[in-house]
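Top to bottom, those sequences are chains E and C. Mind the numbering: the first sequence is residues 1 to 146 in this note's numbering, read in order. Mind the numbering: the second sequence is residues 1 to 410 in this note's numbering, read in order. Just below is one structure, and these are the notes that go with it.
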Amino acid sequence: MKRVYVNEEWCLGCHLCEYNCAFANSGMKDMAFALKDKKIFPRIHVEGDDRITFAVSCRHCTDPLCVKSCIAGAIGKKDGVVKIDRTKCVGCLTCVLVCPYGALAPGENGTMQKCELCLENACGAPACVTGCPNNAIVYEERGDEE
Amino acid sequence: MKRYLVIGNGAAAVGTVEGIRSHDGEGEITVVSGENRPVYARPLISYYLEGKTDLTKMNYRPDDFYEKNGCRVLYGRRALSLDPEKKTASLDDGSVLSYDEVCVAAGSRPFVPPFEGLANVENKFGFMTLDDALSLEGALRPDARVLIVGAGLIGLKCAEGIARRVGTVTVCDLAERVLSSILDAECAKIVQRHLEENGISFLLGDSVARFDRNEATMKSGKTVPFDLVVLAVGVRANVDLVKDAGGEVNRGIVVDEKMRTSLRSVYAAGDCAEGFDASVGQNRVLAILPNAYLQGRAAGVNMAGGDAALTNAIPMNAIGFFGLHLMTAGAYDGEMTEEKTENGVKRFFVKDGFLRGFILIGATERAGIYTSLIREKTPLSSLDFDLTKKVASNLIFSRETRRKKFGGVV
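Given below as structure tokens:
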């Protein structure tokens with residue numbers, strides 16, 4: 001299956017992916033209206049220092065610890081995509097405690113959110129990838145598991 | 001066709017069923033459920049009282065879970081005994097079930113010390129099951145004075161859950177601090193202060209000497225008038241099925257890394273089992289939901305002829321009270337270093353060049369990176385740990401490690 005991969009050599013550290021992600025998942029039509037003067041809660045985040053930067057989002061693991069650890073049964077995997085049912089999530093953060101990649105964070109209302117590959121929002125494909133100015137984030141098939 | 005028996009119907013039982021089905025789509029599975037309802041997310045009972053979830057949303061698996069997995073569920077039934085020679089289990093309705101492989105996922109039960117006068121208390125509740133929560137809910141009144149006995153995870157989550165629905169909440173505990181099983185004294189103070197700011201009162205280092213109908217007299221001589229009492233002193237693993245059948249038990253049912261008990265074809269998982277704790281290198285009961293599921297899953301895979309071992313389980317907790325999140329993991333062993341960040345406090349315990357445990361209060365961002373260092377026993381010499389104490393980051397790893405983590409299928 002296709003996943004989001006990051007080439008850190010190409011990452012500029014511009015954080016555009018975070019804004020594109022927040023906009024894609026806002027459900028709004030106008031980016032300025034959706035994001036201007038607001039604290040954003042993207043499902044991808046850029047880590048790094050003044051030398052190295054890279055974007056981190058859900059790996060959609062073969063054997064996801066978050067799914068097995070969720071105390072609410074709110075996280076599941078369907079067709080290879082790890083998804084959260086935010087109506088079931090109570091924001092206990094157990095998934096944050098177990099995810100070795102640091103890929104989950106709470107959204108504005110305190111329930112958890114994570115990258116679901118933009119498959120169910122208006123984008124249909126990861127907005128972070130589409131909007132990356134230096135092709136540092138790609139959406140492709142690598143490896144043959146699943 | 002194999003016949004599988006799962007005794008219990010909580011997270012460990014679900015793990016067992018899903019583990020079996022990952023290897024055997026055909027065998028018969030029978031689930032013996034003491035509670036008269038499908039599996040639900042047990043740790044959510046306090047969130048239910050708080051209004052953060054409801055009875056529909058707190059199902060742990062979709063409504064068609066048993067049907068899709070071909071399970072027969074016997075609701076309201078308890079297993080009384082196992083015969084590992086004949087491979088049968090006797091239930092409380094007199095029926096006898098034959099199995100090829102059985103998993104005991106029987107959980108734990110509340111431990112209630114023999115308090116003097118407890119029988120005189122009319123409004124007393126446990127806080128383990130959804131039925132407990134529903135009974136307690138029925139007794140909540142806006143002016144009720146509630147005494148919770150036990151300042152552990154169960155007692156404090158109960159306190160948070162009911163705080164806005166009653167008059168006063170007082171929590172007492174024999175220990176000198178709250179959450180004494182997972183916090184050190186200073187971190188416990190921070191959490192206690194936060195709870196107090198949210199209206200919870202404490203009587204610590206004190207225990208109930210005697211109950212009267214509407215009043216508790218403490219060992220210190222203080223008296224606490226109450227309308228309701230919640231007993232959350234502690235739990236005991238349900239080991240009797242295996243113990244009575246001659247199996248090895250300690251505080252929990254002793255299992256190996258494949259979740260096998262000492263009895264042939266008998267597995268155990270979850271709060272009733274005593275599995276390997278990699279953070280201390282010995283067996284102990286890890287009564288947390290993720291561990292229950294993972295143990296069940298491993299048991300199920302092995303019962304169905306697969307090969308699964310659970311070797312890196314550690315104690316860990318993510319828990320929050322009135323908006324303050326805390327996380328703990330591993331053993332508080334070795335040298336402690338503290339980091340204060342704008343969001344809170346982090347304490348790390350390092351020994352022999354390995355991260356052994358941590359306590360995070362408030363500052364919980366990306367904590368799984370820390371947890372993975374404990375679970376995977378990553379030598380701290382191989383990475384830049386000082387860098388990550390303030391903010392957990394994948395920057396600590398080498399470029400090569402990061403390439404594997406983020407450039408391939410994991």
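We put the CB at the ideal spot given by N, CA and C, even for glycine.
| query | result |
| --- | --- |
| State the start and end residues of the unbroken beta strand (DSSP E) segment that holds E28 of chain C. | 28-33 |
| Which residue's Cα is closest to the Cα of Y267 of chain C: C:F276, C:V254, C:S279? | C:V254 |
| Buried or exposed for T223 of chain C, please, with buried defined as at least 16 other CB atoms from any protein chain shown within 10 angstroms of its CB. | exposed |
| If we call anything under 8 Å between Cβ atoms a contact, is P315 of chain C one with I359 of chain C? | no |
| By the 10 Å Cβ neighbour count, where 16 or more other Cβ atoms means buried, how is S181 of chain C classified, buried or exposed? | exposed |
| So which residues of chain E does H23 of chain C contact, with C-beta pairs closer than 7 Å? | Result: empty, since nearest Cβ-Cβ is about 15 Å, beyond 7 Å. |
| Looking at chain D, which residues of the segment 309-322 of chain C have a Cβ within less than 9 Å of any of its Cβ atoms? | This model lacks chain D altogether; the protein chains it does include are E and C. |
| DSSP three-state call for R251 of chain C: helix, strand or coil? | coil |
| Given this structure, state the Cα-to-Cα distance separating P43 of chain C from P133 of chain E, to the nearest angstrom. | 44 Å |
| Using the rule of at least 16 other Cβ atoms within 10 Å of the residue's Cβ for burial, across every protein chain shown, is G362 of chain C buried or exposed? | buried |
| Please classify K346 of chain C as buried or exposed, where buried requires at least 16 other C-beta atoms within 10 Å of its C-beta. | buried |
| For the segment 33-51 of chain E and the segment 2-14 of chain C, state whether three or more C-beta atom pairs, one from each stretch, are separated by less than 8 Å. | no |
| Taking Cβ positions only, does R43 of chain E come closer than 8 Å to chain C? | no |
| Might you give, ordered along the chain, the residues of its own chain that have their beta carbon closer than 8 Å to the beta carbon of C123 of chain E, omitting 5 neighbours on each side? | A24, T130 |
| Using a threshold of 8 Å, state whether the C-beta atoms of A11 of chain C and G296 of chain C are closer than that. | yes |
| Establish whether the CB of K155 of chain E and some CB of chain C are separated by less than 8 Å. | With chain E covering 1 to 146 only, the question about residue 155 of chain E has no answer from this structure. |
| For I132 of chain C, collect the residues of the same chain with a Cβ closer than 8 Å to its Cβ; drop the 5 residues on either side in sequence, then sort them by chain order. | The sequence as given places Asp at residue 132 of chain C; Ile does not occur at that position. Closer than 8 Å at Cβ, skipping near neighbours: I45, F125, G126. |
| List, in chain order, every chain E residue whose beta-carbon is nearer than 9 Å to that of T364 of chain C. | L93, V96, L97 |
| By the criterion of Cβ-Cβ separation under 7 Å, what are the contact partners of P43 of chain C in chain E? | I71 |
| Quick one: grab the DSSP three-state call for C158 of chain C. | helix |
| Applying the criterion that 16 or more other CB atoms from any shown protein chain within 10 Å of the CB defines a buried residue, is G221 of chain C buried or exposed? | exposed |
| CA-CA distance, E50 of chain C and C92 of chain E? | 13 Å |
| What's the C-alpha gap between E146 of chain E and F322 of chain C? | Since pLDDT at E146 of chain E reaches only 47, below the 50 mark, its modelled position is unreliable, and no value is offered. |
| L104 of chain E lies in the alpha helix (DSSP H); which residues open and close that run? | Per DSSP, L104 of chain E belongs to no alpha helix (DSSP H) and is neither H nor E. |
| Pull up the CB-CB distance for R210 of chain C and G117 of chain C, whole angstroms please, since I reckon it's below 8 Å. | 5 Å |
| Taking the straight line between their C-alpha atoms, what separation do you get for R260 of chain C and A299 of chain C? | 7 Å |
| Which residues, in order along the segment 265-294 of chain C, keep a beta-carbon less than 7 Å from a beta-carbon of chain E? | L289, P290, Y293, L294 |
| Check the C-beta distance from G368 of chain C over to C99 of chain E and give it rounded, since I have them as a contact under 8 Å. | 4 Å |
| Under a Cβ-count criterion, where at least 16 other Cβ atoms within 10 Å of its own Cβ denotes burial, should N135 of chain E be classed as buried or exposed? | exposed |
| Excluding the 5 residues preceding and the 5 following G252 of chain C in the sequence, name in chain order all residues of the same chain whose CB lies nearer than 7 Å to its CB. | A237, V239, C272, A273, E274, V285 |
| Mind checking which residues open and close the alpha helix (DSSP H) that includes M303 of chain C? | 289-303 |
| Which partner residues does D417 of chain C have in the DSSP bridge list? | This structure leaves residue 417 of chain C out entirely; chain C is present only between 1 and 410. |
| So the beta strand (DSSP E) N283 of chain C belongs to, where does it begin and stop? | 282-284 |
| Let me make sure I understand the geometry here. Which of C:L326, C:A151, C:T129, C:T168 has the alpha-carbon closest to that of L174 of chain C? | C:A151 |
| Have a look at the DSSP bridge pairing and note the partners of V96 of chain C. | C:S90 |
| Relative to the ligand FAD, is the shortest distance from any of its heavy atoms to the C-beta of E116 of chain C smaller than 7 Å? | Within the structure as shown, the ligand FAD is missing, as the structure has no ligands at all. |
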